[in-house]
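Q: The structure follows.
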Amino acid sequence: MSLKSLVDVAASVAMIVAAGVIVYVNLGRAPAKREFVLPKEPVTVTGSAFLGNPGSAVVAVIYSDFHCPFCKRFGEEILPALRTDYVTSGKIGLVFKHLPIETLHPHAFRAAVVAECAKRAGAFWEMHDVLFAAPREYSDEPVKALAALARVDPDSLMSCLKTPPDDAVREDMAEAKKLGITSTPFTLIGRRAADGRINVVASVAGVKALGEFKRALDSVLAR
Numbered sequence: 005m006s007l008k009s010l011v012d013v014a015a016s017v018a019m020i021v022a023a024g025v026i027v028y029v030n031l032g033r034a035p036a037k038r039e040f041v042l043p044k045e046p047v048t049v050t051g052s053a054f055l056g057n058p059g060s061a062v063v064a065v066i067y068s069d070f071h072c073p074f075c076k077r078f079g080e081e082i083l084p085a086l087r088t089d090y091v092t093s094g095k096i097g098l099v100f101k102h103l104p105i106e107t108l109h110p111h112a113f114r115a116a117v118v119a120e121c122a123k124r125a126g127a128f129w130e131m132h133d134v135l136f137a138a139p140r141e142y143s144d145e146p147v148k149a150l151a152a153l154a155r156v157d158p159d160s161l162m163s164c165l166k167t168p169p170d171d172a173v174r175e176d177m178a179e180a181k182k183l184g185i186t187s188t189p190f191t192l193i194g195r196r197a198a199d200g201r202i203n204v205v206a207s208v209a210g211v212k213a214l215g216e217f218k219r220a221l222d223s224v225l226a227r
């Protein structure tokens, strides 16, 4: 074999080895996390559970899962402070949307449906708090116990569950998918448009320190 041929073979081997190293390194890396892009179209909140002044110019929309431990932490640690400092004072309105991550929490969809039935009885937020605090059991007797804790008539709740409002939950899930929201909790913050929809101008992913939520809300309120 000529010297030129040997050089060509060596170069080819070197290229193959280099390509293999690149592939190996890339396989070992976690996929890059896609940055959330604020929606250009306003978000509809009609029909969703609402807390606060219906005419609030600024609204926070929370996508949540009743079986998500981070949502539980948000609901028990962050939300009460936001209620006190922003909702009760009339600064903002608060909207809840369902995003049960069924691949991780197979019974979360059922919990969302229970909450929707409680909403029909005017007790969504009471059931919201109960579902995060109570055991995750949704056969008849445990559900009746949940109803009692949320001060909902058990028979009315059970009647609702016979023809469950699945569509309301599925609509929230479809909207979240369209927006690119894949984890919970996820909060969108925006200003109310003339038609009642929300023009989103900020977002907070996951459970952050209370101060981060306050900074996001204060920034939107100051606009």
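Counting in this note's numbering, the sequence shown tops out at residue 227, every number present. Idealized CB from N, CA, C, for every residue including glycine.
What are the residues that DSSP puts in a beta bridge with T191?
A: I66, V208.
Q: Which stretch, first to last residue, makes up the beta strand (DSSP E) that contains K101?
A: It spans 96–102 - the beta strand (DSSP E) in which K101 sits, taken as one unbroken run.
Q: What distance in whole Å lies between the Cβ atoms of A53 and K123, which are believed to be in contact at a cut-off of 8 Å?
A: The pair is a contact, with the Cβ atoms about 5 Å apart (cut-off 8 Å).
Q: Return the bridge partner residues of V47 from the DSSP annotation.
A: Note: V47 sits in a beta bridge opposite I202.
Q: May I have the straight-line CA-CA distance separating K212 from F190, to the nearest angstrom?
A: Their backbone Cα atoms lie some 10 Å apart in a straight line.
Q: Taking 6 Å as the limit between beta carbons, can you name the residues of its chain near L98, skipping five residues before and five after?
A: Closer than 6 Å at Cβ, skipping near neighbours: L55, G56, A64, V91.
Q: Short check: CB of A209 to CB of I193, under 7 Å?
A: No, the pair does not count as a contact, with Cβ atoms beyond the cut-off.
Q: Determine the burial state of N30: buried for a count of at least 16 other Cβ atoms within 10 Å of its Cβ, exposed for fewer.
A: Because the pLDDT at N30 is just 43, under 50, the model does not fix this residue reliably, and the point stays unresolved.
Q: Specify the secondary structure class of A53 as computed by DSSP and reduced to three states.
A: Three-state result, A53: strand.
Q: Roughly how many angstroms separate the alpha carbons of T188 and R114, rounded to a whole number?
A: Going from the Cα of T188 to the Cα of R114 covers about 17 Å.
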